[in-house]
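Taking my numbering as reference, the numbering of the sequence shown is continuous, increasing by one, and the terminal residue is 436. Each remark here refers to the structure printed beneath this line.
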Amino acid sequence: MSTIKLNVVCPVFNEADVIEKFHARLSSVLTNSIDLDFRVVYVVDRCTDNTLEILREIAARDTTVVVLALSARFGHQMSLLAGIEYSVNADAVIMMDSDLQHPPELIPELVRHFREGADVVFTVRKDTIDIGTGRKFLGNLFYDTLNRISDVPINPNSADFRLISKRVATTLVAEFPERNMFLRGLFTWMGYRQVGVEFTAAPRASGQSKYSVSQMVRLASSGILSSSTKPLQTGIVVGAAFGIVALVLMFTAIVNFFIDRSLPSGWTSMVTLLLLFSAVQLTILGVIGIYIGGIYNEVKARPKYIIDEEISSDE
Numbered sequence: 122m123s124t125i126k127l128n129v130v131c132p133v134f135n136e137a138d139v140i141e142k143f144h145a146r147l148s149s150v151l152t153n154s155i156d157l158d159f160r161v162v163y164v165v166d167r168c169t170d171n172t173l174e175i176l177r178e179i180a181a182r183d184t185t186v187v188v189l190a191l192s193a194r195f196g197h198q199m200s201l202l203a204g205i206e207y208s209v210n211a212d213a214v215i216m217m218d219s220d221l222q223h224p225p226e227l228i229p230e231l232v233r234h235f236r237e238g239a240d241v242v243f244t245v246r247k248d249t250i251d252i253g254t255g256r257k258f259l260g261n262l263f264y265d266t267l268n269r270i271s272d273v274p275i276n277p278n279s280a281d282f283r284l285i286s287k288r289v290a291t292t293l294v295a296e297f298p299e300r301n302m303f304l305r306g307l308f309t310w311m312g313y314r315q316v317g318v319e320f321t322a323a324p325r326a327s328g329q330s331k332y333s334v335s336q337m338v339r340l341a342s343s344g345i346l347s348s349s350t351k352p353l354q355t356g357i358v359v360g361a362a363f364g365i366v367a368l369v370l371m372f373t374a375i376v377n378f379f380i381d382r383s384l385p386s387g388w389t390s391m392v393t394l395l396l397l398f399s400a401v402q403l404t405i406l407g408v409i410g411i412y413i414g415g416i417y418n419e420v421k422a423r424p425k426y427i428i429d430e431e432i433s434s435d436e
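Below is the structure:
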């Protein structure tokens, strides 16, 4: 059995309480896996605690660890991309969170599917033990909406815990210059041979989720923006619907004019139509504004992320 060169990319943000436990568990799984030449790439998204200092100590004593410290907070998706771009020379890249909700013990199964020919081995959460009802509802609502408007189906329980082959990583880095990335959707869109593996997400070992409601909304907007243009077409549908409403109101106003001449002429119809069409116009303008904002961010062509420091035992 040939040796696989594997890089494990782990985005990190304020995980000082759990990062030592995570690394010990991950390192144990990788060390005990035969025929793996592995490296662990921690991508630190500008923390406000001492996570970077802890990882610096880990890298100093562990030759398999590389730490990429970003210069600012660029977000989870850009942290993953930074790790993937660093790892394009590996035979395979595994992405996983560093809060112990993605079980490192699943890695041998991901590698097995890769050996059998899969280019993408994605994971699907059967359950998340400590997720709240509200967060679960919002997640399901987002994926249901996305699958309705997008041509690329995305499993509502899919995670960013996945393995990709070298050719998938190379294609992503070389052929996708866009900034507005939703990696779960992109990997599905890219195709290749894909295999799914189920797992149960463990409760967080410490702390709380780093995704606030506002960040979840931004991620949802990015997902929709990068996966579909159908929201731009809602103006046609809504316009047609309210055109029918306008015809009904016009017919009613004409009938009332001949039946009850005491009514103020046109008052009800005018106010109703004014409010309805104002609401429609503002909604459509808001949707268009989101897409224009996305275009604006793309044409500026700023770097997707900036690496402030690369840390390893070689230092």
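Even for Gly, the Cβ is constructed at its ideal location relative to N, Cα and C.
*Using three-state DSSP, classify Met-199 as helix, strand or coil.*
Three-state DSSP puts Met-199 in a helix.
_Through-space distance from Phe-235 to Val-214, alpha-carbon basis_ = 10 Å
*Apply the 10 Å Cβ neighbour rule to Asn-210 and answer buried if 16 or more other Cβ atoms are within range, or exposed otherwise.*
Burial call: exposed.
*Residues bridged to Leu-284 by DSSP?*
Under DSSP, the beta-bridge partners assigned to Leu-284 are Ile-215, Val-242.
*Residues bridged to Asp-158 [DSSP beta-bridge criterion]*: DSSP output for Asp-158 lists Lys-126 as bridge partner(s).
*With Glu-174 as the anchor, note down where its alpha helix (DSSP H) starts and where it stops.*
Element bounds for Glu-174: 172-182.
_Whole-angstrom C-beta distance between Val-186 and Val-164, which should lie under 8 Å_ = In fact, because the Cβ distance is near 12 Å, the residues do not count as touching under 8 Å.
*When we look at the beta-carbon of Gly-196 and count the other beta-carbons within 10 Å, is it buried (16 or more) or exposed?*
buried
*Where does Gln-402 land, buried or exposed, given buried means 16+ other C-beta within 10 angstroms?*
Label assigned to Gln-402: exposed.
*Buried or exposed: which applies to Glu-206, given that a residue is buried once 16 or more other Cβ atoms fall within 10 Å of its Cβ?*
With 16 or more other Cβ atoms within 10 Å, it is buried.
*Return yes when the Cβ of Ala-322 is within less than 9 Å of the Cβ of Gln-222, no when it is not.*
yes
*If you drop the 5 nearest sequence neighbours on each side, which residues of the same chain put their C-beta closer than 6 Å to that of Ile-427?*
Ser-192
*Taking just the CA atoms, how far does Arg-314 sit from Ile-285?*
10 Å
_Am I right that Val-289 and Asp-240 are in contact with their C-beta atoms under 8 Å? What's the rounded C-beta distance?_
5 Å
*When the Cα of Ala-295 is compared with those of Ser-208, Thr-184, Ser-149, Arg-160, which residue comes out closest?*
Looking at the Cα atoms, Ser-208 is the closest of the given residues.
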